[in-house]
């Protein structure tokens, strides 16, 4: 017995342990395809990690079951329901305020039909079908994209009887939402289980991320396929060939564990959709087996919708559903399919800019868009950049990254459709000879196609002339102003009072409201008492119905009141409500507004009479004396009284005026500031007292002074809320003339050999102008400066006179003319000094300096004159330990000097002096100089003046590596370890050093396109899935190749990942790239990883069809940016709880589940070890007890 008890206890414990570790494996089967670029869309698969999901738990206020009644409008209710849930879920995900959406199903039905209207009127945007006929998703989308709707339910309430209505009642209402993207989730062959399984995953993803799904199936209330106890449906009879589903519902969720036994007939597998029907109280929600044989053939959803109307005008030729798929095969002649629509502009509008285009995409692929804004010339199309170019099958509206302004009377929009399986497809609207398309209108000159070359006019063919209709390509424009105006009004509720007594009662609109459609798509309510509401048509002088016209900003509607005869004799009068105003100031006028009298008649009836009525009389109290006054109101021979209070009027400022203008009222343009000295204003108060105030008082403000334009300038004077004006005159500034001049710097050459011409180079004169400005001019400026008193043949000191044009003043400086000295021994080098060395007019042409680094360099008073080095080549030059003492070189020219394989080692040159040395065609080969030393090299008093650098191209300022000087001057492998000491250069100056024709690359004004040849690719992608789905993430490795740094690799490179190519990225969002390698072609490769956990914009990224890398390179001065499309060339690697698997599916999730995670039974960690420990302890106790007490009964 004890053995049995012990074994039972062990079994119980073991069962507890096993049960406690049971995990419901999550399913994260992605809808991602290897061909997709956006691997982060795998994260959308997280929607399937929830075995049960219901939009009613997320957006309950927007999951409302409505009733279509007996009308065949299920398609209508399902489409509107999908629209509402998409908008609501978008608001929820953006953390916006919750809003209940209720769009009009009736407006959709009437707006999409040709003939359901009074007086035989026809809707030119409607499909010609019987009112009892149903519809489909294409009908709904066409209505939502041709400018008709959707609109608020209040504009057209639903009536299942669907009577004919006034066509005008559904027109001119601004659409309340703009459809941006739809998605087609339909399965072409619903007998293919693999396609259906794939569709199930896509539908789940869509519901979780975008909203409800329009879903067609066979369904009839009360048939044999629905279990009405739990509202579970499964039909095992598939649709026949050519048969359409009979009903449409809205899928709002799913339950993977919904038991197959809940259905009348067992489908063989668990799992069901949760759907909302359109039969009112018949059901709250219903369940449909995943494996119903009649579904999936018509399955659609909305991926993006904007609230309101996002454009001012829509240009379209196609207004009826574009159901025809026109296609051509790619071949030797047909290489493309470009479709163009030619539109005629609205003559009444200007400043139109195309901001959006739309198309019904026949196939998924990359679409290219083009515009000619100037004319109908089809050969002059310009490609435009749009926010998305990979479009999936369905309707899509794209935004232009840069709006295009229309300038011509006509314009063209065009699209080049993708090549899918060697075939080009486009959707178009059939002609009027097709059943249902009675209203279709297609004209020659509207739609064109081109199969070969867009730039060749002969290849463009008129599509309509060939017997076809208009394409679905549309254009949307915005005007310059953004004024929101009403477009339509209707009565929302009549006033409370609709019956009036003849000649007695005035119109009372209390309680009356109108519904107003605004041009931005918003619908608002306005009271009839609103100040902008104008009423007309009321006349109480005759009995009968009276039509009252309501005018709200030029939009009109009406309501009716009835005027009746006086019921009987007036027997009493009471003041039901006193007039609104009962407090007055002295001499105010009595106001009658707001009062109501109640008149009682002998027949017992009573009526309210406004105190504004012409039949109501008021007494005239004395309003000139303060105090309480009694006012008598008389009507129909009877009177009532009420009191008013008249008070003293407070003293207030009435006005201000100019008493004295300022002393200064004339100002020189762009020169003088405002001077208010002498200006006075006079302030007059309500008691007629006056106060004179200076304009420059702190209590007075004067604004409007502008001395930039010649002429009258009106100024505004403000004092305590009152203002007045006065004018000042702005006169033109006189032209500046030379006022004075003096010598700033003498010429460089002051000593001349007899016979030499005067050289004014280096001489500077400061010129002072009458406007107070100074300008430095050169003495050798022949147009402005003339010299005299110089005789090149006369020895001695001479005073050279200078005269400036337009200045009656002489300037002078001394020069000395000396005898010509004999030539100096060319080979003798003594006491070499560089004295007063100048560099004048030094030109460097096409100089390229890369990574120049100069540290602690001081040059003072350095002058080098006419130093020329031409065709200088130094190859393999090594100079070590070089010392030069007291080296002076004057007027040195070296022409065509070639030094090859020159080595100078420990060379000492002391007291070396070379003057007027010229070396021409000098060649030194294999020259060795030993023990070369330079000591005490000092540069003192170096000045650089007026240094100009034009078009200089420098990479990485202050760093020089691999310095190259072109134009035949080449230095290779030049190594210098030079020690210079005690080298003195005195009075060395550089004046007007100019460097021309140096190309400038990569700065803020002219960016070097470092990424012009770059390509971005995903080379490795890893999908990490966990039993705890909150841990899921994607990690990718990205390569950006062919980055061209030129000769400078010292760039800081960063990236930002986005789902759109037209975002504005702030600097703080970029992520630095640490690994950059050099490629074999000399360019560079950046490698980095991106983890979805690090992405702040993950929601935007997972919902995008493509990924874009925003690349940025900078080196402190220069910046290069580019947006690259990120292509995927990798194969996804999948991991479940860090174990690599071939595929993410339920079997693998169960196989590799994490046993530390429990399904709402135990904590996520630590439970299993405790149960194991408990099991071991109980087992040990049992064993001990068994052996200790096994003979107890004996």
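In this note's numbering, the protein residues as written are 23 to 1216.
A virtual CB, placed ideally from N, CA and C, is assigned to each residue, including glycine.
This one's a predicted model, so the numbers in the text were calculated from it and none came from an experiment.
Residues that DSSP places opposite residue i in a beta bridge
i	result
residue 97	DSSP lists no partner for residue 97.
residue 573	556 and 578
residue 177	Beta-bridge pairing links residue 177 to no other residue.
residue 360	438 and 472
residue 392	405 and 436
residue 428	Per DSSP, none; premise fails for residue 428.
residue 255	248 and 310
residue 622	594 and 628
residue 377	Answer by DSSP bridge pairing: none, since residue 377 is not bridged.
residue 1074	1136
residue 347	449
residue 584	521 and 567
residue 661	656
Cβ separation of residue i and residue j, assumed to be a contact under 8 Å, to the nearest whole Å
i	j	result
residue 655	residue 674	Going by Cβ atoms, the distance from residue 655 to residue 674 rounds to 32 Å, so no, they are not a contact pair.
residue 427	residue 395	6 Å
residue 323	residue 236	7 Å
residue 239	residue 156	Wrong, their Cβ atoms sit about 13 Å apart, outside the cutoff.
residue 1079	residue 1131	6 Å
residue 208	residue 321	5 Å
residue 759	residue 690	With 8 Å as the limit, residue 759 and residue 690 do not qualify as a contact, their Cβ atoms being about 15 Å apart.
residue 839	residue 791	The Cβ separation is near 35 Å, so there is no contact.
residue 1048	residue 1159	6 Å
Outcome for residue i when other beta-carbon atoms lying within 10 angstroms are tallied against a minimum of 16
i	result
residue 166	buried
residue 707	exposed
residue 149	buried
residue 1202	exposed
residue 103	buried
residue 204	buried
residue 372	exposed
residue 875	At residue 875 the pLDDT is 41, less than 50, meaning the model places this residue with poor confidence; the figure from the coordinates comes in the next sentence. The residue is exposed, with fewer than 16 neighbouring Cβ atoms inside 10 Å.
residue 423	exposed
residue 782	buried
residue 933	For residue 933, the predicted structure reports a pLDDT of 39, less than 50, and the residue's modelled location is therefore unreliable. The matter cannot be settled from this model.
residue 283	exposed
residue 435	buried
residue 853	Note that residue 853 scores a pLDDT of 39, beneath 50, so its modelled location is shaky; the value from the coordinates is reported in the next line. Residue 853 is exposed by the Cβ-count criterion.
residue 832	exposed
residue 682	exposed
residue 684	buried
residue 563	exposed
residue 688	exposed
residue 197	buried
residue 154	exposed
Minimum C-alpha distance to residue i - residue among the options
i	options	result
residue 841	824, 351 and 818	818
residue 447	516, 419, 497 and 345	345
residue 1134	1092, 202 and 78	1092
residue 1101	1064, 1124, 1073 and 532	1064
residue 490	591, 455, 821 and 497	455
residue 623	1167, 604, 682 and 658	658
residue 614	630, 629, 593 and 636	636
residue 286	310, 274 and 301	310
residue 253	259, 260 and 245	245
residue 124	417, 314, 108 and 1081	108
>> Could you tell me which whole alpha helix (DSSP H) segments of length 4 or greater appear in the region 114-170?
In response: 127-133 and 159-167
> Can you list, in chain order, the stretches of the alpha helix (DSSP H) that have 4 or more residues and sit fully within the region 276-311?
Replying inline: none
> What runs of the beta strand (DSSP E), each 3 residues or longer, lie entirely inside the region 686-767?
Replying inline: 688-690, 702-707, 712-716, 723-725, 733-741, 744-753 and 760-767
> Which ranges does the beta strand (DSSP E) cover as unbroken runs of at least 3 residues, wholly within the region 807-842, from first to last along the chain?
Replying inline: 807-810, 818-826 and 832-840
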